[in-house]
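To keep things clear, I will list the structure first and then write my remarks on it.
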Amino acid sequence: MPHTARSHHRRRRVPRPLPLVAAGALLAAAAVTLPQLTPEASAATTLRGYADARGVRIGAAVGDSPLTSDSAYTTVLDREFNSVTAENAMKWDALEPSRGGYNWAAADRLVAHAAAHNQGVRGHTLAWYSQLPSWLKNGNFSAAELNTILKKHIDTTLGRYKGKVYAWDVVNETFNEDGSMRSSLWQDKLGTGYIANALRWAHAADPAAKLYINDYNIEADNAKSDALYTLAKQLLAEGVPLNGIGFQSHFVVGQVPSTMKANLKRFSDLGLEVSVTELDIRIPLPASAAELAQQSADYKLASENCLGVARCAGVTVWGVTDKYSWIPGTFSGFGAALPYNESYAPKPSYTGLSNGLNPAA
Ligand code: XIL
Numbered sequence: 002m003p004h005t006a007r008s009h010h011r012r013r014r015v016p017r018p019l020p021l022v023a024a025g026a027l028l029a030a031a032a033v034t035l036p037q038l039t040p041e042a043s044a045a046t047t048l049r050g051y052a053d054a055r056g057v058r059i060g061a062a063v064g065d066s067p068l069t070s071d072s073a074y075t076t077v078l079d080r081e082f083n084s085v086t087a088e089n090a091m092k093w094d095a096l097e098p099s100r101g102g103y104n105w106a107a108a109d110r111l112v113a114h115a116a117a118h119n120q121g122v123r124g125h126t127l128a129w130y131s132q133l134p135s136w137l138k139n140g141n142f143s144a145a146e147l148n149t150i151l152k153k154h155i156d157t158t159l160g161r162y163k164g165k166v167y168a169w170d171v172v173n174e175t176f177n178e179d180g181s182m183r184s185s186l187w188q189d190k191l192g193t194g195y196i197a198n199a200l201r202w203a204h205a206a207d208p209a210a211k212l213y214i215n216d217y218n219i220e221a222d223n224a225k226s227d228a229l230y231t232l233a234k235q236l237l238a239e240g241v242p243l244n245g246i247g248f249q250s251h252f253v254v255g256q257v258p259s260t261m262k263a264n265l266k267r268f269s270d271l272g273l274e275v276s277v278t279e280l281d282i283r284i285p286l287p288a289s290a291a292e293l294a295q296q297s298a299d300y301k302l303a304s305e306n307c308l309g310v311a312r313c314a315g316v317t318v319w320g321v322t323d324k325y326s327w328i329p330g331t332f333s334g335f336g337a338a339l340p341y342n343e344s345y346a347p348k349p350s351y352t353g354l355s356n357g358l359n360p361a362a
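For the sequence shown, the numbering used here begins at 2 and goes up steadily by one.
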């Protein structure tokens, strides 16, 4: 069990004959030489222990319901992860269900929880076609009005969490599979220029936050990632504050793309951060032992495909446990996509992810 090894690890690092004070000083000295993001959980054999040792993020998408009602969930979340993403609580329909009527409660809860447990927060998401409140979706606003509304949303949201969110998915899912721009409220009324505007407004609102374009099915070298690559290059050439690309990585077992690492590298070579932002690996139910073993190898490969690239900032898993995963509700017949099973036992995929984070494995 990975999480029981903490005390063993500590003992190994400090020779027994040393007096306690000297041992403490040694540990402190060791701690400052490591790029530790979360000194609280320094047990090297947890996911966050390995991530801390490399100076990267291991994140999980967090639902407000388990966060507030399931202590087994928060125990695993806080022990294993040094970053969190709101699974839904920072989406527009959650934050502003009626025009001007904000509901920050769930998002604030997550941000406060993260601060209390030395976790960073990835902000998700600002300009997206989905999970928009109906007043916005059905409001028949003019282009000028939509511009003002989007800017206000970005100013208000980033302003509230300024200094507390290390990266924002400013734009989410803006391409079709063939690389054309996907139809959305923003695209249809404002044209592709909304992307540069959103990034500029976000940078002005929180200059320290890393600003991302996030999408799915861009992990492989394909028409969609080619189009994103062209756009990213163009935005950078224009001086638009784009800092990173988020590769959602919602995979099917056995189907981590063979071109994933090279594809992430070409974005990294532009000077952009790359992050795996929503990793899960779904299995047709019921999952066999062979599929769970393949899934473990997939978790290792997917995390290595990012962490092996120069500017990889980290890997976020889209959930913690199969108990609350979005997969069964969205991909009929699939499930078992995460590193913990429904009763919080680590699955083979936990070991795969852990080995992916640990260069010595
Ligand atoms: C999903 C959530 O997990 C679900 O709870 C919700 O019902 C729908 O959205 N890409 C994204 C995420 O960027 O926001 C989505 O999250 C999953 C796909």
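Ideal Cβ positions, reconstructed from N, Cα and C, are used throughout, including at glycine.
Spatial distance of residue i from residue j (CA atoms)
i	j	result
Arg55	Ser99	43 Å
Ala224	Met182	12 Å
Glu1	Asp216	Residue 1 cannot be examined here, being either before or after the span of the chain that is shown, 2 to 362.
His125	Ala199	14 Å
Ser289	Gly334	14 Å
Gly102	Leu293	45 Å
Val316	Ser226	19 Å
Tyr351	Thr193	39 Å
Val275	Val57	11 Å
Tyr195	Leu127	12 Å
Glu220	Lys153	32 Å
Ser355	Tyr51	8 Å
Glu81	Val112	17 Å
Trp129	Lys211	18 Å
Thr149	Lys163	20 Å
Pro347	Val318	14 Å
Ile284	Glu146	44 Å
Phe332	Leu286	11 Å
Lys324	Asp71	11 Å
Cys307	Ser131	27 Å
Asp189	Ala144	9 Å
Leu28	Tyr167	Note that Leu28 scores a pLDDT of 40, beneath 50, so its modelled location is shaky and nothing firm can be said.
Tyr345	Gly140	43 Å
Asn230	Lys165	It should be pointed out that residue 230 corresponds to Tyr in this sequence rather than to Asn. Rounded to the nearest angstrom, the two C-alpha atoms are 29 Å apart.
Asn342	Glu178	32 Å
Val77	Gly330	23 Å
Ala45	Pro340	18 Å
Ile59	Asn83	6 Å
Asp270	Asn218	20 Å
Which of helix, strand or coil DSSP assigns to residue i
i	result
Gly1	Only positions 2 to 362 of the chain appear in this structure, which leaves residue 1 out of reach.
Leu35	Below a pLDDT of 50, predicted positions are generally treated as unreliable, and Leu35, at 40, falls in that range; the measurement from the model is reported next regardless. Correct three-state label for Leu35: coil.
Glu343	coil
Ser84	strand
Ala294	helix
Arg283	strand
Ala52	helix
Arg201	helix
Asp216	strand
Lys301	helix
Thr69	helix
Asp323	coil
Asp170	strand
Ala62	strand
Ala361	coil
Ala45	coil
For residue i, the first and last residue of its enclosing alpha helix (DSSP H)
i	result
Tyr74	Ser72 to Glu81
Ile328	Ile328 to Thr331
Asp179	Premise fails: Asp179 is in no alpha helix (DSSP H) and is neither H nor E.
Gly357	Pro349 to Leu358
Start and end residues, beta strand (DSSP E) containing residue i
i	result
Thr317	Cys313 to Val318
DSSP bridge partner residues for residue i (one or two, in chain order)
i	result
Gly336	Ile284
Lys211	Ala168
Val380	There is no way to answer for residue 380, as the model of the chain reaches only from 2 to 362.
Practice task
Enumerate, from N- to C-terminal direction, the unbroken alpha helix (DSSP H) stretches of 4 or more residues contained entirely within the stretch 222-275.
Solution key: 224-238 and 261-269
message: At 4 residues or longer, what runs of the alpha helix (DSSP H) sit wholly inside the stretch 88-161?
response: 93-96, 106-117, 135-138 and 144-161
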